[in-house]
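Protein chains in written order, with the numbering used here: chain H, 54 to 257; chain G, -2 to 112. Glycine included, C-beta positions come from ideal geometry on N, C-alpha and C. Only one structure is covered here, and it is reproduced in the block below.
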């Protein structure tokens, strides 16, 4: 167990500002899992999520004064940083893909390649696959709300603070997101049933 | 499969979300990589930040002062270029071959004459 394990985030960052590597190492060890999970759920790619978390932490190491304990809790602020970094990463990826005309399909939130879908279909049970598909189709704000409240298990107040919206707005986003997810899962299931009927008819 | 949901059951999104909240991923190698890279990266300390801010401020002030001086210079130039014409128009003199110095002398003469 690290000697810094008992220090809170604010103390670790103040040590970091003095150039203390061990304090930074403790901060990284303490929070990487949760920020990776958020990045992965936003980008749907493990390597991309790792890139984003790594870049975010290293930028923070270079500029620790960017966070001030007076303004917000460290994790609240860093969740926002990671979300922004994810969208930045997506934008850069889409730009580089559009510049390369040889690439036809690319996986962005909401746009999924056939290959990825088939791979996903093997990994998840059917309804979970439909749910993941629904998550990819959600608008960014609704997906962030689900990721923060449901998956990262943040209190709604903190999630609203991360997203820079009011508590009411967050509640509304959650309701709309769940409704959209239910619709997507239902429609994909219906489509699958139609496919099955069609396939059964053809095979007779 | 423990997470399997009956395909024909009505959609319970909360239950589905609750079932899919685990991401099995070992971030230990990532943590090591971040820490190793941080050791190699110089930290932009408060002193460096202030230094950068100071240089930025200095550059901004220098630019503003230079711009003001340039505008003042251009204005003065226009005023001086225009002054003989105004003088000539005011006293009804011919402007041919008069330079600014002569005009000043003429103005002095007129002033003295008025006194």
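| Item | Value |
| --- | --- |
| With 7 Å set as the bound, which would you pick, yes or no: does the beta-carbon of residue 200/H sit closer than that to a beta-carbon of chain G? | no |
| Once DSSP output is grouped into helix, strand and coil, what is the label at residue 217/H? | coil |
| Given residue 134/H, which residues of its chain have a CB within under 6 Å of its CB, disregarding the five upstream and five downstream residues? | 109 |
| Can you list, in chain order, the residues of its chain whose CB lies under 8 Å from that of residue 213/H, leaving out five sequence neighbours each side? | 219, 220, 222, 223 |
| Would you say residue 114/H reaches chain G, if we count a Cβ-Cβ gap shorter than 7 Å as a contact? | yes |
| Taking 6 Å as the cut-off, is the C-beta of residue 236/H nearer than that to any heavy atom in the ligand FMN? | Ligands in the displayed structure: none, and consequently the ligand FMN is not present. |
| Within the region 97 to 133 of chain H, note down every full alpha helix (DSSP H) run reaching 4 residues or more, in order along the chain. | 99 to 115 |
| What would DSSP say about residue 22/G, mapped onto helix, strand or coil? | coil |
| Please determine if the region 84 to 95 of chain H and the region 64 to 76 of chain H are in contact, where contact requires at least 3 C-beta pairs separated by less than 8 Å. | no |
| Buried or exposed: residue 233/H, going by 16 or more other Cβ atoms within 10 Å of its Cβ? | buried |
| Just checking: is the beta-carbon of residue 160/H within a distance shorter than 7 Å of some beta-carbon in chain G? | Confidence in residue 160/H is poor, its pLDDT being 40 and thus under 50, which makes the residue's placement too unreliable to answer from. |
| Does DSSP put residue 197/H in a helix, in a strand, or in coil? | helix |
| In chain G, which residues lie with their C-beta within 7 Å of the C-beta of residue 123/H? | In chain order: nothing, as chain G lies at least about 16 Å away. |
| Any beta carbon of chain H sitting closer than 7 Å to that of residue 45/G? | no |
| Per DSSP, what kind of secondary structure is residue 206/H in: helix, strand or coil? | coil |
| Looking at the structure shown, is residue 224/H part of a helix, part of a strand, or coil, going by DSSP? | helix |
| For residue 36/G, decide whether its Cβ has a neighbour in chain H, counting only Cβ atoms nearer than 7 Å. | yes |
| Whose Cβ in chain G lies nearer than 8 Å to the Cβ of residue 135/H? | Correct list: empty, because the minimum Cβ distance to chain G is about 13 Å. |
| If you drop the 5 nearest sequence neighbours on each side, which residues of the same chain put their C-beta closer than 6 Å to that of residue 62/H? | 127 |
| Scan the region 88 to 117 of chain H for residues whose Cβ lies nearer than 8 Å to a Cβ of chain G and list them as they occur along the chain. | 89, 90, 93, 94, 99, 103, 106, 107, 110, 111, 114, 115, 116, 117 |
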